[in-house]
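Read the structure below first, then the notes.
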Amino acid sequence: MVHRKPWQLAVSRLSSNKGAMVSFFIIVGYILMALLPFVDFVGLKTSATLFNDETLKNTFAPFTLEHPFGTDHVGRDVFARAVMGTQVSLFLGFASGLMLIPIAIVIGAISGYYGGWIDEVAGYLMSVIVAIPGMLIILTLVQFGGRSFVMIAIAFAITGWVGLARVVRATFLQAREYEYVLAARALGASDFRIIFFHILPNVFHFVIITFVLNFVEVIKSEVFLAFIGLSVANIPSWGTMIDLSKQEVIAGNWQNLAGATVFMWVFLAALNIFGDGLRDALDPKLRNKS
Amino acid sequence: MKNLFRATAAVVLAIFALASCAGGGDASKKVLNRSSIAKIKSFDPANLTDLYTTTVAGDVLEGLYEYKYLADSYELQPLLAEGLPTVSADGLTYTIKVRKDAFYYDGTKTIFKDGKGRAVVAGDFVYSIKRLADPAVESGGWWLFDGSLKGLNEWAEAAKTSGKADYSAEIEGVKALDDQTLQLTLTKPYPQIQYTLAMSFTFATPHEWVESGEDWANTMVGAGPYYLDAEQTIPQSKYVLVKNPAWHGQKYPTEAGAVAKQMGIDKAATQDLPFVNTVVYNIIEETNPRWLKTLSGELDLGGIPKDNFKDAVDADGALIGEPAAKGMTLQKVPNSEVTYYFFNWEDPILGAPAGEKGKKIRQAMSLAWSTEKYIEVFDNGRAKPSHTVIPEGFGGYDPDYKNPYKAYDVEKAKALLAEAGYPEGKGLPVIKFEHTGSAALDRQTGEFFAKYMSEIGVKIEDVYNDWPGFMKKVDKHQAQMGGLAWGADYPDAQNFLQLLYSKNAAPGPNSANYSNPEFDKLYEQASVMQPGAERDALYSQAALIAVEDAPWIVERARITFALNQSWVKNYRYRDIGSGYSKYIDIDLAAKEKALAAK
Amino acid sequence: MFSYLVRRILNLIPLLLGVILVFFLLFNFVGGQESFLYNVLPAKSHTVEQIAYYKHKYGLDKPLIEQYFDLVRQVATFDFGRSESTKQKITTLIARHVPNSAILTFPAFAMEIIIALIIASLAAFYRGSLLDKSLTFLSVVGMSISMLVLIILGQTLLAYEWKLFPISGWENGPGAIRYLLLPWLLWVLVAVGYDVRFFRTALVEEGEKDYVRTARAKGVPERRIIFRHILKNAMIPVLTYVVIQIPFLLTGSILLERFFSIPGIGDLMVSAIFSYDLPVLKAVVLVYTLFFVGFTLVTDVLYALVDPRVRLN
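Protein chains in written order, with my numbering: chain A, 1 to 290; chain B, 1001 to 1598; chain C, 2001 to 2313.
Written out as structure tokens, the structure is:
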């Protein structure tokens, strides 16, 4: 009951932010779009992946109504491929986010709440991870561990949790001295209960923002992985499309670059604007600031 | 604040001033701008294994022999030698005279203070061959000599036991009779050895240089037409070669083959080599900037990237579009290579253990695959289907021969598969296709191959490895099927037939682990014979056995599309050998005119 | 102060040991060492003896714990041996590539910060106006574009079609500047968006503080308020933000270095990954870590000098 009011406030603040709301619907649109190829909606998956003697006659077709972003080097529809690329981005974003957040919360909360040697160990772990270039860990894991969806997501999660864990730790460090925590403890509440029901809600806004902005990082990094040749095989992704396009554009074939860039850009912009809106709505400190 | 602005403005102005004055240069000098698509590695001749480093090194270092620039096929001619080797009647002793007028040149002036150093002697080649055998050198070229020179393996063994190679020890098989005479004595006939004397591994470099310090292999001291200018060179960015004032000299060849005549590069006969004063190798690893620099005229020589092909070359193979408008010249040269998909000969389903059934599956898969279509889609027509393991132009190659299992025929493939006991592929386990990489092309190739196999009901699982991961599986005989390529080391079909010789099974180069005593017998017999029609007949016979057994789906030989600017003269792309920059000329007036016209 | 310094330096030892351990685990258990081995072998033909030989040469046949201490010793003595692919001394390689990366990233970073500060000040000053909104929108546009896309566009259009910049290249000394102009521009375009948003928030937050209101109420001129008070005080979060990013500048920019043929450390790292040059990769990571840790140490010590309370912690 206690927490409902700030949440309502946040939602109403968010819904009055026009940019954030538009972005929110764009993001929902992308999520739906990622699901379409699963059911092969209007032959989307077929035109994104299939090529045969027929399509091979229509390679690098210009932008038309039938092919809004033209066709690629074997005559597949670039628009359909870009739509399908949404899957890879969303999967990587969700999967890495869902792995990273529990790690960050558990390590951050325990080290902040208990302090002492646990905190020392956790702090040490964090500084070790931070001291190694993140991209190198990702490249190594993906290069040597196999370039599957799951491996890439794990790699992003391993390198991405420290920032959030530090915030969680700092909050817990402060909160364990607060009166309501002391009171809960005096009433006999377990550590587990205090951690998850009393203190954790205080950092919840930060968790959500991290989750949203993690998508931005992951999507941009996927492009880089594709450039190195380490992105997921056999499924169209924005990164692979951009990577392919780097040689096609000089010959005037802008299909892959245009398709992937437009899709990626709209999504990233929506995530960034929505992330901002979330922060403004959820972070009481920043209230009334923009 | 004001001061800050003023300072910033000053810095910006200074930057632009610098930007406008840099990049000028003396126009009276002829500079050949080339590019390298990969990083340059060590210049140690014993480890010149990669094409790009060898290309740079070949302009500075020279060997005993080189390939004739204007001949139609690859023929040897003396370079640091005075003539072709004298071979004893039993084919075991090779005597080679070294020319007297070749001197080393040290661009760094460390071992030879005046630059020009001592003469090249026969002992230098004894030294370089010993280095290949020295375990401490870890030479990538040792396999070419392993076991073929008398006493050399024993010498290497002694070095391994004692921990240090004794370069003063005399070896029966590799001897300098005097400063001008080199004598090689073989353990068994090995006619291919003369080609190894044109390869980078035996290039002459003075032992003084190798002993001069631990970083000697970062630069070069050789007897070639150019020296590496360490001052202007920026490692891993550009390598600048300057004309060697002490070079022994050479004239542009007078005899020209039909190809050279047709290209019109036979006009400079008897002129003094080299033509250009400076050769610059720019390291540009990304295709995009390399192609842009070719179009803009910053590079004199270049190639057409696969994806730009349709805009640069029409259906008949003539140059069109921007390169044509700029007057560039195009050469289409089939590479001396074969690409292939191999089946593991030891595989219980596809290999020898499955007997006739396995053979029929292999033949069916070969029939169901369309190399022509692959070349059309992925090579933009820039490849020629191969029909046997022997590449075009090599002894034993038959231009009229058509491999019956390469005639794309789905019905026949289905019939064979049914005969093997898997009608429509029913009951046939999924076949794992191992790829050497995971780049876009590997993925697309995988997809494409699987699509063709699905038409006869064969299911393919594509496995994308990195190169080491792939090799590891091949070495352990665990790769069920995979794709590889082999480029010629020297112009003799033995270099290709050895890929199917049973004693070369992985980790040797026989990745399919193919083993057929009949083939082995023919190979052993033919490979020690001196070149001739009799030998070539045996080569073809061996190749046909491998066609019938189908341990490979023989794929193709790619065609290199080499471009040069309108102002470049005498350029010919050759894919065997190195040191060809000396033949190339630049017409400075034409260059100026062409660049001004834009 | 001295004991603080000693304590901080001693703290580095376990940190470095940890980094080496992570590196060691990555390459031993995820399989890098074996890949490395297969890449060292001659590609065209190799033998079983050669595999054993290289295993022994690189100490891969020793027990794991010994291999770990070999690695520690290499870091301690700063002796990484030679590159397996170019056979050059690794310390020389690194010494040659780091300055090239630095000359790419440091000026680009400085320009990025200056430009971002100017834009952010404008946006903050005209808060809520159309100008503010369009600047904020443009920053989102900028930060949502992939660097690879910008490079392709920049190189094809700006450099080749319109001939505003050289396509790629490198020279030692001041000659490098003309090759760096386009990479700098692209760097700024990609990075400036993040900064603008951060700086704007910092400035807006500072402008809402009570002392600013008081100053305004007292009739202090607006220009004076902005430059003397808001900008000056907002410099603290801005500087912290800047300082945190400095160690990352040393790894250069992999994409820019590759496409513009800049022989920097990012390029070295990618080449090492592509060619499985484990000794080089090892050295690049550990040098980066040393720099990162060293830089953190220096900033902490500087903080301690300024604020004695830190020392007691």
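For every residue, glycine included, the Cβ atom is placed at its ideal position computed from N, Cα and C.
Cα-Cα separation, residue i to residue j
{"i": "B/HIS1435", "j": "A/ASP77", "result": "26 angstroms"}
{"i": "A/PHE25", "j": "B/GLU1555", "result": "51 angstroms"}
{"i": "A/ALA183", "j": "A/ARG166", "result": "25 angstroms"}
{"i": "B/ARG1417", "j": "B/LYS1459", "result": "Here residue 1417 of chain B turns out to be Leu, not Arg, going by the sequence shown. Their Cα atoms are separated by approximately 13 angstroms."}
{"i": "B/PRO1253", "j": "B/GLN1180", "result": "25 angstroms"}
{"i": "C/LYS2282", "j": "B/PHE1112", "result": "37 angstroms"}
{"i": "A/GLY277", "j": "C/ALA2215", "result": "31 angstroms"}
{"i": "B/GLY1355", "j": "B/TRP1345", "result": "10 angstroms"}
{"i": "B/ILE1304", "j": "B/SER1073", "result": "24 angstroms"}
{"i": "C/LEU2302", "j": "C/ILE2065", "result": "38 angstroms"}
{"i": "B/LEU1051", "j": "B/ALA1158", "result": "32 angstroms"}
{"i": "A/ARG287", "j": "A/GLN8", "result": "Residue confidence is low: A/ARG287 scores 45 on pLDDT, short of 50, so the model does not pin down where it sits. No coordinate-derived value is stated."}
{"i": "C/ILE2114", "j": "A/SER89", "result": "33 angstroms"}
{"i": "B/ASN1153", "j": "A/VAL128", "result": "50 angstroms"}
{"i": "A/LEU164", "j": "C/ALA2217", "result": "40 angstroms"}
{"i": "A/PHE215", "j": "A/ALA95", "result": "10 angstroms"}
{"i": "A/VAL266", "j": "C/PHE2109", "result": "27 angstroms"}
{"i": "A/LEU200", "j": "A/ALA109", "result": "8 angstroms"}
Distance between beta carbons of residue j and residue i, contact taken as under 8 angstroms
{"i": "B/GLY1123", "j": "B/PHE1201", "result": "About 17 angstroms separates the two Cβ atoms, so there is no contact after all."}
{"i": "A/ALA269", "j": "C/VAL2141", "result": "7 angstroms"}
{"i": "A/LEU213", "j": "A/GLY275", "result": "5 angstroms"}
{"i": "B/ALA1133", "j": "B/ALA1156", "result": "4 angstroms"}
Partners in chain A for residue i, counting only beta-carbon separations shorter than 7 angstroms
{"i": "B/ALA1439", "result": "GLY229"}
{"i": "B/VAL1377", "result": "LEU56, VAL74"}
{"i": "C/SER2144", "result": "TRP265, LEU268, ALA269, ASN272"}
{"i": "C/VAL2149", "result": "ILE242, LEU257, THR261"}
Within chain B, the residues that residue i reaches when beta carbons sit closer than 7 angstroms
{"i": "C/LYS2038", "result": "The residue asked about is misnamed: residue 2038 of chain C is Tyr in this sequence, not Lys. Ordered by position in chain B, the residues that pass the 7 angstroms Cβ test against C/TYR2038 are PRO1468, MET1471, LYS1472."}
{"i": "A/GLN255", "result": "Chain B residues near A/GLN255: none, gap ~12 angstroms exceeds 7 angstroms."}
{"i": "A/ILE26", "result": "Chain B residues near A/ILE26: none, gap ~29 angstroms exceeds 7 angstroms."}
Chain C residues whose Cβ lies nearer than 8 angstroms to that of residue i
{"i": "A/SER245", "result": "ILE2152"}
{"i": "A/TYR124", "result": "PRO2014, LEU2015, GLY2018"}
{"i": "A/ILE103", "result": "Per Cβ cutoff of 8 angstroms: no residues; A/ILE103 is ~16 angstroms from chain C at best."}
9 angstroms Cβ cut-off: residues of chain B touching residue i
{"i": "C/PRO2099", "result": "The premise fails here: C/PRO2099 is roughly 12 angstroms from chain B at the closest Cβ pair, so nothing lies under 9 angstroms."}
beta-carbon residue i near the ligand FMN non-hydrogen atom, thresh 7 angstroms
{"i": "C/PRO2183", "result": "Of the ligands one can find in the structure shown there are none, so the ligand FMN has no counterpart to examine."}
is_contact[residue i, chain F] using C-beta, thresh 8 angstroms
{"i": "A/ILE242", "result": "Of the protein chains in the structure, A, B and C, none is chain F."}
* To do: Output, in sequence order along the chain, the residues in the stretch 1260–1294 of chain B whose CB is closer than 9 angstroms to any CB in chain A.
  => GLU1286, THR1287, ASN1288, TRP1291, LEU1292
* Are the stretch 2244–2258 of chain C and the stretch 2268–2287 of chain C touching by the rule of at least three beta carbon pairs closer than 8 angstroms? -> yes
* To do: Report yes or no: do the stretch 1056–1064 of chain B and the stretch 2096–2105 of chain C share at least 3 C-beta pairs separated by less than 8 angstroms?
  => no
* Name, going along the chain, the residues of the stretch 1205–1221 of chain B whose beta-carbon falls closer than 8 angstroms to a beta-carbon of chain C. => GLU1214, ASP1215, ALA1217, ASN1218
* Evaluate the contact criterion for the stretch 2163–2177 of chain C versus the stretch 2224–2235 of chain C: three or more CB pairs, one atom per stretch, below 8 angstroms. => no
* To do: Please name the residues in the stretch 1481–1511 of chain B whose beta-carbon is closer than 7 angstroms to at least one beta-carbon of chain C, in chain order.
  => PRO1507, GLY1508, PRO1509
* To do: Give, in chain order, every residue of the stretch 1375–1402 of chain B whose Cβ lies closer than 7 angstroms to some Cβ of chain A.
  => VAL1377
* To do: Anything in the stretch 2261–2273 of chain C with a Cβ closer than 9 angstroms to a Cβ of chain A? List those residues in chain order, please.
  => MET2269, VAL2270, ILE2273
* **Cβ contact (3+ pairs, closer than 8 angstroms) linking the stretch 1377–1386 of chain B and the stretch 1507–1522 of chain B** => no
* Asked: Does the stretch 1165–1183 of chain B come close enough to the stretch 1127–1145 of chain B to have 3 or more Cβ pairs within less than 8 angstroms?
  -> yes
* Are the stretch 2200–2217 of chain C and the stretch 2180–2190 of chain C in contact at 8 angstroms, needing three or more beta carbon pairs? -> no
* **Inter-stretch contact at 8 angstroms, needing at least 3 Cβ pairs: the stretch 1076–1083 of chain B / the stretch 1092–1101 of chain B** => yes
* Asked: Do three or more CB pairs link the stretch 1420–1434 of chain B to the stretch 1391–1399 of chain B at distances below 8 angstroms?
  -> no
* Asked: With contact counted as at least three CB pairs below 8 angstroms, one residue from each stretch, are the stretch 1237–1244 of chain B and the stretch 1265–1283 of chain B in contact?
  -> yes
* Any residues in the stretch 1140–1163 of chain B with a beta carbon nearer than 7 angstroms to a beta carbon of chain C? Which ones, in chain order? -> GLY1140, TRP1143
* Contacting positions in the stretch 2215–2226 of chain C - beta carbon closer than 9 angstroms to chain B -> none
* Three or more beta-carbon pairs under 8 angstroms between the stretch 76–92 of chain A and the stretch 118–134 of chain A, yes or no? -> no
* Would you call the stretch 1569–1576 of chain B and the stretch 1329–1337 of chain B touching, i.e. three or more CB-CB distances under 8 angstroms? -> yes
* Looking at C-beta atoms only, is the number of pairs between the stretch 234–242 of chain A and the stretch 55–63 of chain A that lie closer than 8 angstroms three or more? -> no
* To do: Could you tell me whether the stretch 1407–1417 of chain B touches the stretch 1359–1372 of chain B, using the rule of 3 or more Cβ pairs below 8 angstroms?
  => yes
* To do: Output, in sequence order along the chain, the residues in the stretch 107–121 of chain A whose CB is closer than 9 angstroms to any CB in chain C.
  => none
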